[in-house]
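Mapped onto numbering that gives the first Met the number 0, the consecutive letters of the sequence shown carry residue numbers 0 to 222.
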Amino acid sequence: MGEMIGNIAHQWRQPLSSISITASNIKLKQNLNESITKEELYNDMAMILSKTQYLSDTIDTFRGFLKEEKEQKNIVIQERLDLVLKIVSSTLTNSHIELKSNYNELDPISLNMVVGELDQVLINIINNAKDVLIEKKIQKPWIKLKLILEKNKIIISIEDNGQGIPENIKDKIFEPYFSTKHQSQGTGLGLHMSYKIIVESLKGKIYTENTQNGAKFYIELPL
Ligand SMILES: Nc1ncnc2c1ncn2[C@@H]1O[C@H](COP(=O)(O)OP(=O)(O)O)[C@@H](O)[C@H]1O
Ligand SMILES: [Mg+2]
């Protein structure tokens, strides 16, 4: 239960802060009597709406976990990737991190799963990449998201150029409460929860390797 709440808090921090920043900006502009264009207002509101929708989906997912009643739905992988990128994009842009992706080249791929589970895993991994890119003050930081279709599985990979995961901690990163971050920054639950979702719930695999650039996480899901 505590683990669950820690995870909800972790998942919520980022979208909540984006909503708050966006709302404050609108308010500030009004106070300064600067005019907000209709388009700006529309875009800001659309962003707030998509994030609140995500927050609401997260609750549903965790409620599902608690009840052990996991309602499966047919979801299109590319649509979930779109949603995830929408959620993380403002934070990445704020940190000048370039997001590269190739997944729109493929025809829509649909899979049965509990709505929101895969999103959380992807957000965890992207957040970790963002953290390391900021912490190491990487020049020209980037995160690359790829989707590969094989005969009976899909592979989603997420690579960053943050210099990789040190050898001496590589075996520990999926353990609960393992974190190299300050207490206020990390719970050490993100990858543990991700492992449980991918392996236990989605019957897939999650693993990582270091490339010449940084860490690369792989998620394999059976079709
Ligand atoms: N992309 C990455 N590059 C380098 N180290 C990473 C990366 N992703 C995860 N790690 C390491 O794995 C640890 C565990 O990650 P996680 O379970 O998400 O917990 P937290 O982010 O709360 O520390 C991190 O503290 C970090 O040391
Ligand atoms: Mg994390």
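Backbone N, C-alpha and C fix where the C-beta goes; we use that ideal spot for every residue, glycine too.
Out of G161, Y194 and K171, the CA that lies nearest to the CA of Q211 is found in G161. Q119 and K99 have their C-alpha atoms some 19 Å from each other. In the DSSP assignment, I153 falls outside any alpha helix (DSSP H) and lies within the beta strand (DSSP E) extending over K152 to D159. In the same chain as P107, and ignoring 5 residues on each side of it, the C-beta atoms closer than 7 Å to its own belong to V75 and Q77, in chain order. At the C-beta level, E158 and I142 come within 9 Å of one another. In the DSSP assignment, K72 falls within the unbroken beta strand (DSSP E) covering Q71 to V75. Taking a cut-off of 5 Å from the heavy atoms of ligand 2, the residues with a C-beta inside it are N127 and G189.
Of the residues assessed, P165 falls on the exposed side of the cut-off, its CB having fewer than 16 other CB atoms within 10 angstroms. Taken in chain order, the complete beta strand (DSSP E) segments of 3 or more residues contained in the stretch 103-133 are 109-113.
Counting along the chain, the unbroken alpha helix (DSSP H) around L190 starts and ends at G189 to Y194. The distance from the Cβ of I47 to that of I18 is about 5 Å, consistent with a contact at the 8 Å cut-off.
By the Cβ test, the stretch 137-154 is not in contact with the stretch 168-179, since fewer than three Cβ pairs between them sit closer than 8 Å.
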